[in-house]
Amino acid sequence: MTQAATLDALIADLVTANHILANEDVLDAFGHVSVRHPERPGHFLMSCSRAPELVGAADIVEFDEQSQPAEATQGRAMYIERFIHGEIYRARPDVQAVCHHHAPAVMPFCISGTPLVPVYQHGAFIGAEVPFWDSKHEFGDTNLLLSSVEHGASLARALGANWCVLMKRHGATVAGKSLTELVFRAVTGCRNADFLHRAHQLGSVDALTPGEIEQARQIPPPAMTRAFDYWKSRLPRIR
Numbered sequence: 001m002t003q004a005a006t007l008d009a010l011i012a013d014l015v016t017a018n019h020i021l022a023n024e025d026v027l028d029a030f031g032h033v034s035v036r037h038p039e040r041p042g043h044f045l046m047s048c049s050r051a052p053e054l055v056g057a058a059d060i061v062e063f064d065e066q067s068q069p070a071e072a073t074q075g076r077a078m079y080i081e082r083f084i085h086g087e088i089y090r091a092r093p094d095v096q097a098v099c100h101h102h103a104p105a106v107m108p109f110c111i112s113g114t115p116l117v118p119v120y121q122h123g124a125f126i127g128a129e130v131p132f133w134d135s136k137h138e139f140g141d142t143n144l145l146l147s148s149v150e151h152g153a154s155l156a157r158a159l160g161a162n163w164c165v166l167m168k169r170h171g172a173t174v175a176g177k178s179l180t181e182l183v184f185r186a187v188t189g190c191r192n193a194d195f196l197h198r199a200h201q202l203g204s205v206d207a208l209t210p211g212e213i214e215q216a217r218q219i220p221p222p223a224m225t226r227a228f229d230y231w232k233s234r235l236p237r238i239r
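If you count the sequence shown from 1, position 181 lands on 181 in the UniProt record's numbering, and the numbers rise without skipping.
#1: Whole angstroms are fine: how far does the CA of T180 sit from the CA of G127?
#2: When burial is assigned at 16 or more other CB atoms within 10 Å of the CB, is G215 buried or exposed?
#3: Should the region 132-139 be regarded as contacting the region 58-68, the criterion being three or more beta carbon pairs within less than 8 Å?
#4: On the DSSP bridge list, what partners appear for I80?
#5: Going by Cα to Cα distance, which pick from C48, V187 and H19 is closest to I80?
#6: Distance, Cα to Cα, residue 246 vs C164?
#7: What is the DSSP secondary structure of L166, reduced to helix, strand or coil?
#8: Opposite V119 in the DSSP bridges: which residues?
#9: What number of angstroms, rounded off, separates the C-alpha of I213 from the C-alpha of V119?
#10: Using the C-alpha atoms, what's the distance from V106 back to Q96?
#11: Give a yes or no on whether the C-beta atoms belonging to F125 and F184 are separated by under 8 Å.
#12: Compare the C-alpha of N143 against each of V117, H170, V98 and V55 and name the closest.
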């Protein structure tokens, strides 16, 4: 496969990831998903500012090391919080895809500060620890948007070696070693949050043990591909 064909295939997968995450109630009119550029590791690919459900291949833009468009944008608006993606890619060479969202399932945890812990098999994929990041700690009162390199770098430090980070009063950011892994983690992470929230309403919560988390998080790639294909099959046929 030529480099151009590889890039086109990755862009197609990125468009599909946008649609899946919108259809599975992770993204709505807001939030965004990106993937590291396959030929320029310091760059990443992400849509211009559009609702994820409406993203098409023509909307995908290449961004440079400063999270600025690497090409002419014909006056199109860009996502303000693109610095989330750029700074995580800078800090984590192992990360190949990033999603920032405000899914209803996770917002109660972001608002209350209640720890998000794995409570079912696929929930283990969020990891044993989901740290919190609070913009107030470094930046005081803001409009809650991460609109600079400094904001993105602060969030990347909070993420650390983990795969998910909750943002107080704001939402969540999820990372993956591939787009397929990212989509799997984002969707199952939201389902885990929903199950945990419901369990809290019933009484005590029996979270996974450290040993269960370690074993259950070893999900084989074919299983993630199976889930990705299933979620893709659920997409509306006409957009």
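Note that beta-carbon positions come from the ideal geometry of N, C-alpha and C, so glycine has one too.
On the basis of the supplied data:
#1: Straight-line measurement puts the Cα of T180 at about 17 Å from the Cα of G127.
#2: The sequence as given places Gln at residue 215; Gly does not occur at that position. By the neighbour-count rule (16 or more Cβ atoms within 10 Å), Q215 is not buried but exposed.
#3: At 8 Å Cβ cutoff, the stretches do not touch.
#4: Partner(s): none; I80 has no beta bridge.
#5: Check the Cα spacing between I80 and each of C48, V187 and H19: the tightest is with C48.
#6: Nothing in the structure corresponds to residue 246, since the chain is present only between 1 and 239.
#7: Reduced to three states, the DSSP call for L166 is strand.
#8: Bridge partners of V119 according to DSSP: none are assigned.
#9: Approximately 9 Å between the Cα atoms of the pair.
#10: Going by the C-alpha atoms only, they are around 23 Å apart.
#11: Between F125 and F184, the gap from beta carbon to beta carbon is short of 8 Å.
#12: For N143, the closest alpha carbon among the candidates V117, H170, V98 and V55 is that of H170.
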